[in-house]
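Scroll down for the structure; my scribbles are underneath it.
Numbering (our numbering), first residue to last: 69 to 304.
So, in structure tokens, the structure goes:
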């Protein structure tokens, strides 16, 4: 399978799967990720989960076209229900909002007993997923932030156990918001994201101040967020 079929963000996600991966890709769309991984690693096996009929049929066709039907099962279902009665070691959820990813993990909690690694790529609200990992004993082991086709994406990788280690003795609220690994590296994409977020919050505050009834509590909350962003951007 040609690498060009897979976006840069999904190639990064794939890099965090171990050799001989046994994983589920939730919301797999055309099953590009499972086909990419299983084409490169002849010992990898996967489940491509998809709730919608169109993408489910596209995934089945793509898997068949790649001659991988013996190692990739395409299952129609909602969230983690696709791994009921299946032994899986890793979960991938990519290309959704962080709030939705969190809700999929919460709803599928009964399916997580044997899951060693969870890799997520939230389009927005990555903080929601970091909080879920922290509260459910999955330790964040890696983060990436990239820009592709004008969009900024974060990738979070968590392994079962030791959820508190990256937050010990530090400002937890800030680390959950910015990401403990991303804030340390502070690359150009990270800076671009948070400068943009700061400008957006400043615009919102300006609009709110012009309203007939000013919500001072919400403005104060946004101002605190701006202050946190400024501190991160200006301190080495």
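Ideal placement from N, C-alpha and C gives every residue a C-beta, glycine not left out. The structure presented is a predicted model; accordingly, all values stated were derived computationally and were not measured.
**Study point:** Range of the contiguous alpha helix (DSSP H) that encloses residue 219
**Key:** Counting along the chain, residue 219 falls outside any alpha helix (DSSP H), though it belongs to the beta strand (DSSP E) covering 219–228.
**Study point:** Bounding residues of the beta strand (DSSP E) (the contiguous stretch that carries residue 141)
**Key:** Start and end: 140–144.
Exercise for review: Kindly indicate which residue of 192, 200, 206 has the alpha-carbon position closest to the one of residue 182.
Suggested key: Residue 182 has its Cα closest to that of 206, out of 192, 200, 206.
Practice item. Could you please give the first and the last residue of the uninterrupted alpha helix (DSSP H) stretch that includes residue 204? Key: Looking at the DSSP string, residue 204 is not in any alpha helix (DSSP H), and its letter there is neither H nor E.
Exercise for review: Determine the contact status of residue 199 and residue 212, defining contact as a CB-CB distance below 9 Å.
Suggested key: No, Cβ-Cβ distance for residue 199 and residue 212 is not below 9 Å.
Point to revise | Three-state secondary structure assigned by DSSP to residue 184 | key: Note: residue 184 maps to coil in three-state DSSP.
**Study point:** Those residues which DSSP pairs with residue 211 across a bridge
**Key:** DSSP, once it has assigned bridges, lists 224 as partnering residue 211.
Review point. To which residues of the same chain is residue 244 closer than 8 Å at the C-beta, ignoring the five residues directly before and after it?
Key: By the criterion of a C-beta distance shorter than 8 Å, residue 244 is surrounded in its chain by 195, 198, 199, 202, 235, once the five residues flanking it on both sides are discounted.
Practice item. Identify, in the order they occur along the chain, each residue of the same chain with its Cβ nearer than 6 Å to the Cβ of residue 113, setting aside the five sequence neighbours on each side. Key: Closer than 6 Å at the Cβ level, and outside the excluded window around residue 113, lie 90, 139.
**Study point:** Under 9 Å between C-beta atoms of residue 120 and residue 164
**Key:** In this structure, residue 120 keeps its C-beta atom at 9 Å or more from the C-beta atom of residue 164.
**Study point:** With 16 other Cβ atoms within 10 Å as the buried cut-off, status of residue 317
**Key:** Not covered by the structure: residue 317. The range shown for the chain is 69 to 304.
Point to revise | Other residues of its chain near residue 88: CB distance less than 8 Å, five sequence neighbours each side excluded | key: So the list reads 109, 111, 112, once near-sequence residues are dropped.
Review point. Helix, strand or coil: which one does DSSP assign to residue 89?
Key: Residue 89: coil per DSSP, three-state reduction.
Exercise for review: Would you mind working out which of 225, 299, 262 sits nearest residue 158, comparing C-alpha positions?
Suggested key: Selection 225, 299, 262 evaluated against residue 158 yields 225 as nearest (Cα-Cα).
Review point. Does the Cβ-Cβ distance between residue 117 and residue 143 come in under 9 Å?
Key: Closer than 9 Å, so yes.
Review point. Do you know how far the Cα of residue 147 is from the Cα of residue 95?
Key: The alpha-carbon atoms of residue 95 and residue 147 are separated by roughly 7 Å.
Exercise for review: Starting from the N-terminal side, write out each stretch of the alpha helix (DSSP H) that is 4 residues or longer and does not extend beyond the stretch 154–178.
Suggested key: Here the runs fully enclosed are 166–175.
Point to revise | Segment limits, beta strand (DSSP E) that includes residue 118 | key: Run containing residue 118: 113–118, per the beta strand (DSSP E) assignment.
Practice item. Check each candidate in 231, 167, 216, 149 and name the one with the smallest Cα separation from residue 185. Key: Comparing Cα-Cα distances from residue 185 to each of 231, 167, 216, 149, the minimum goes to 231.
Review point. Anyone know if the C-beta pair for residue 266 and residue 297 falls short of 9 Å?
Key: Contact: yes.
Practice item. For residue 81, collect the residues of the same chain with a Cβ closer than 8 Å to its Cβ; drop the 5 residues on either side in sequence, then sort them by chain order. Key: Hits under 8 Å: 101, 160, 162, 187, 189, 223.
Exercise for review: To the nearest angstrom, report how far apart residue 155 and residue 228 are at their CA atoms.
Suggested key: Answer to the nearest angstrom: the Cα atoms are 16 Å apart.
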